[in-house]
Amino acid sequence: MQYSEKVMDHFMNPRNVGEIADADGVGCVGNAKCGDIMQIFLKIENDIITDVKFKTFGCGAAIATSSMATELIKGKSIEEALTLTNKAVVEALDGLPPVKVHCSVLAEEAVKSAVADYYRKNGKEVDFDCEVSCDHCASCGRND
Amino acid sequence: MSEKRFVYADHAATTPVSQEVLEAMMPCFTEVWGNPSSQHSKGAEAKNLLEKARASVARSLACSPKEIFFTSCGSESDNWAIRGALKKANGRKHIITTKIEHHAVLHACASLEREGYRVTYLDVDGEGFVHPETLRAAIDDDTALVAVMMANNEIGTIQPIRELAEIAHEKGALMFTDAVQAVGSIPVYPEELGVDLLSLSGHKLHAPKGIGALYIRRGVSIGNLIDGGGQERRRRGGTENVAYAVGLARALEIAVERLPDMERVARLRDRLIDGLLEIPASRLNGSRMNRLPGNCNVGFECIEGESTLMLLDMAGICASTGSACSSDSLEPSHVLLSIGVPHEKAHGSIRFSLSHDNTEDDVNYILQTISPIVERLRAMSPIWDSQKNRAVDSANM
Chain A
0 MQYSEKVMDH FMNPRNVGEI ADADGVGCVG NAKCGDIMQI FLKIENDIIT
50 DVKFKTFGCG AAIATSSMAT ELIKGKSIEE ALTLTNKAVV EALDGLPPVK
100 VHCSVLAEEA VKSAVADYYR KNGKEVDFDC EVSCDHCASC GRND
Chain B
0 MSEKRFVYAD HAATTPVSQE VLEAMMPCFT EVWGNPSSQH SKGAEAKNLL
50 EKARASVARS LACSPKEIFF TSCGSESDNW AIRGALKKAN GRKHIITTKI
100 EHHAVLHACA SLEREGYRVT YLDVDGEGFV HPETLRAAID DDTALVAVMM
150 ANNEIGTIQP IRELAEIAHE KGALMFTDAV QAVGSIPVYP EELGVDLLSL
200 SGHKLHAPKG IGALYIRRGV SIGNLIDGGG QERRRRGGTE NVAYAVGLAR
250 ALEIAVERLP DMERVARLRD RLIDGLLEIP ASRLNGSRMN RLPGNCNVGF
300 ECIEGESTLM LLDMAGICAS TGSACSSDSL EPSHVLLSIG VPHEKAHGSI
350 RFSLSHDNTE DDVNYILQTI SPIVERLRAM SPIWDSQKNR AVDSANM
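Same order as they appear, the protein sequences are chains A and B.
Count the first sequence with numbering that gives the first Met the number 0 and you get residues 0 to 143, in order.
Count the second sequence with numbering that gives the first Met the number 0 and you get residues 0 to 396, in order.
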């Protein structure tokens with residue numbers, strides 16, 4: 000698999016790995032059957048993401064996109080975090096092989112799902128779409 | 000941490016061309032470059048080398064030179080065997096194969112299905128074995144061909160080909176075995192196996208990529224795959240690749256000579272398997288006993304194969320994975336799924352395939368290197384904590 004230097008850097012030296020015990024919002028997307036799961040933890044003060052951590056089960060691209068997504072939203076407002084697109088993650092990584100673009104989709108959705116969790120915990124209405132529409136392989140939709 | 004080494008442990012994918020093979024081939028590029036079909040002396044000397052190569056391959060397989068046909072690769076041999084057999088099947092329209100064949104066989108069968116043939120894909124057991132009774136239950140008077148690989152490329156399981164061939168013949172079907180992974184690793188004698196067709200490939204045994212062969216038992220008639228001139232006794236068109244045929248012949252001679260050394264390779268493999276299984280939440284894929292001497296395939300729970308491979312590669316170790324993420328299809332290995340490994344565990348499987356070139360130090364280096372890699376990825380994995388607790392809980396029960 001040909002990865003850019005940026006992808007290799009974020010895979011070899013992932014930023015913000017770990018958990019936040021008293022996180023204000025936690026998002027988890029993907030499933031083990033598909034081969035990738037991303038979990039994102041947010042610490043939020045006055046609508047600003049003051050800290051973010053991730054844990055990922057997945058390929059090199061999955062780890063690199065999680066790492067990059069956390070970098071892109073750290074210190075940003077919730078509104079800004081919600082505008083993060085998978086395309087922005089891909090661009091920040093200097094591109095991904097086409098077959099790996101779904102990893103960046105998962106990263107975008109992990110961020111949205113963490114914010115949605117924060118909204119729910121604070122009685123706010125979740126007014127954006129954060130459902131994972133994972134259609135990149137035949138595993139999804141297959142039931143055990 | 001010891002010094003970084005380079006360890007190639009992916010010999011089931013391909014092998015380097017050996018010096019001896021290269022030396023055997025060189026004169027075919029510089030001096031004996033004629034077309035074996037030409038009438039003049041330049042052609043005759045090439046023809047002579049080609050036929051010597053054929054005789055040598057036949058000796059290595061204990062068969063007749065008339066039963067050996069050179070092809071461009073293992074996949075061509077597989078396609079030729081299957082399609083060719085059906086062309087002369089006297090109206091029989093049924094093929095039996097297994098769920099764990101190489102894609103060259105599976106996809107050839109799938110395209111024949113689209114052309115109206117009936118294909119049965121036999122189940123295998125948890126170690127990858129085809130049970131003769133499953134073949135007996137599937138075979139009927141319409142069965143033209145039974146195609147079962149001799150040894151699996153991913154998990155190394157060696158099939159009871161002789162027994163399966165007997166069942167095929169009882170029903171008047173032909174027996175084909177894809178022996179691409181077996182030849183050079185274990186003794187392979189088509190006559191002893193009782194097969195009608197057998198495919199092999201050069202680059203798995205230190206010959207170059209781009210050469211293969213098909214054994215067609217004397218008296219067995221199959222149709223052509225490539226029509227053309229009168230090459231290969233009118234069975235396979237295309238100017239013969241003399242240099243590569245010579246290379247394949249030499250590589251096979253050396254492989255057969257070195258078969259006794261495979262016991263050493265098997266001991267290395269066993270050490271590697273034992274060492275890898277000491278890592279918590281790991282499992283061996285395939286059979287412990289009846290597997291290729293160089294094959295080791297182990298799954299590590301809660302991590303994914305491609306990221307494991309990337310970190311191994313950084314440390315100088317070449318291996319491969321059954322994970323979806325390393326393929327274009329994003330589906331995990333059909334072999335692992337067929338032996339009952341669940342999707343989520345198939346993603347974390349790593350294959351190391353050893354050869355004569357590997358040493359005790361290589362195995363030690365792999366074992367030293369992989370433990371911290373697995374730990375590192377598990378520390379990052381959101382499913383490892385709960386899995387680990389479950390493993391500890393069940394151990395305490």
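Even glycine gets a Cβ: it sits at the ideal position worked out from N, Cα and C.
Three-state secondary structure (DSSP) of residue i
i: Gln38/A; result: strand
i: Val152/B; result: For clarity, residue 152/B is Asn in the given sequence; the question names Val instead. Here Asn152/B sits in coil by DSSP.
i: Ile369/B; result: helix
i: Cys108/B; result: helix
i: Ile302/B; result: coil
i: Phe128/B; result: coil
i: Phe351/B; result: strand
i: Cys27/B; result: helix
i: Cys133/A; result: The predicted position of Cys133/A is uncertain, since its pLDDT is 48 and thus under 50; a value taken from the coordinates is nonetheless stated next. It is coil, neither helix nor strand.
i: Glu124/A; result: coil
i: Arg232/B; result: helix
i: Ile77/A; result: helix
i: Glu2/B; result: coil
Limits of the alpha helix (DSSP H) - the one that residue i falls within
i: Tyr243/B; result: 241 to 256
i: Ile272/B; result: 261 to 276
i: Ala164/B; result: 160 to 169
i: Ala80/B; result: 73 to 86
i: Ser200/B; result: Segment 196 to 200 is the beta strand (DSSP E) holding Ser200/B; no alpha helix (DSSP H) there.
i: Leu192/B; result: 189 to 192
i: Val89/A; result: 85 to 91
i: Ser380/B; result: Counting along the chain, Ser380/B falls outside any alpha helix (DSSP H), and DSSP gives it neither H nor E.
Short CB-CB distance (under 8 Å) between residue i and chain A
i: Ile95/B; result: no
i: His342/B; result: yes
i: Cys108/B; result: no
i: Met396/B; result: For Met396/B, the pLDDT reaches just 48, beneath the cut-off of 50, and the residue's location in the model is therefore unreliable, although a value from the coordinates is still provided. It does not; no Cβ of chain A falls within 8 Å.
i: Pro159/B; result: no
i: Met379/B; result: yes
i: Glu153/B; result: no
i: Glu114/B; result: no
i: His346/B; result: yes
i: Ile372/B; result: no
i: Ile382/B; result: yes
i: Ser322/B; result: yes
i: Cys27/B; result: no
Limits of the unbroken beta strand (DSSP E) element including residue i
i: Thr97/B; result: 93 to 97
i: Leu213/B; result: 211 to 215
i: Lys52/A; result: 47 to 56
i: Cys27/A; result: 24 to 30
i: Phe175/B; result: 173 to 177
i: Val145/B; result: 142 to 146
Chain C within 8 Å of residue i, Cβ atoms only
i: Ala31/A; result: Reference to chain C is not applicable here, since the protein chains of this structure are A and B.
Sequence-distant residues of the same chain with beta carbon closer than 7 Å to residue i, five excluded per side
i: Thr84/A; result: Glu107
i: Ala164/B; result: Met174, Leu192, Gly193, Val194
i: Ala172/B; result: Ile138, Thr142, Ala143, Leu144, Val145
i: Phe127/A; result: Leu81, Lys111
i: Glu2/B; result: none
Residue from the options whose Cα sits closest to the Cα of residue i
i: Leu95/A; options: Ala63/A, Gly57/A, Asp35/A, Val51/A; result: Ala63/A
i: Leu376/B; options: Val362/B, Ala136/B, Tyr364/B, Thr307/B; result: Thr307/B
i: Asp116/A; options: Met11/A, Arg14/A, Ala22/A, Val16/A; result: Ala22/A
i: Gly90/B; options: Glu66/B, Leu48/B, Tyr116/B; result: Tyr116/B
i: Gly42/B; options: Leu310/B, Pro259/B, Gln230/B, Glu359/B; result: Gln230/B
i: His168/B; options: Val179/B, Thr156/B, Ala143/B; result: Ala143/B
i: Leu41/A; options: Gly34/A, Asp35/A, Asp50/A; result: Asp50/A
i: Val6/B; options: Ile316/B, Leu366/B, Ala61/B, Phe351/B; result: Ile316/B
i: His202/B; options: Arg161/B, Ile166/B, Gly237/B, Ala244/B; result: Ala244/B
i: Arg266/B; options: Pro279/B, Leu60/B, Cys295/B; result: Cys295/B
i: Pro64/B; options: Lys51/B, Pro381/B, Asp312/B; result: Lys51/B
i: Thr156/B; options: Lys170/B, Leu134/B, Val123/B, Tyr188/B; result: Val123/B
Close beta carbons around residue i, own chain, < 6 Å, minus the five adjacent residues each side
i: Val182/B; result: Leu199
i: Pro13/A; result: Ile62, Ser66
i: Tyr118/A; result: Val125
Interface flag, residue i vs chain B, CB-CB below 8 Å
i: Cys129/A; result: no
i: Gly57/A; result: yes
i: Lys111/A; result: no
i: Val16/A; result: yes
i: Gly34/A; result: yes
i: Lys54/A; result: yes
i: Gln38/A; result: yes
i: Ile19/A; result: no
Chain-order list of residues whose beta-carbon lies under 8 Å from that of residue i (same chain, five-residue window excluded)
i: Val219/B; result: Leu173, Asp195, Leu196
Distance cut-off 7 Å: residue i Cβ against heavy atoms of the ligand GDP
i: Gln367/B; result: The ligand GDP is not among the ligands present in this structure, which contains no ligands whatsoever.
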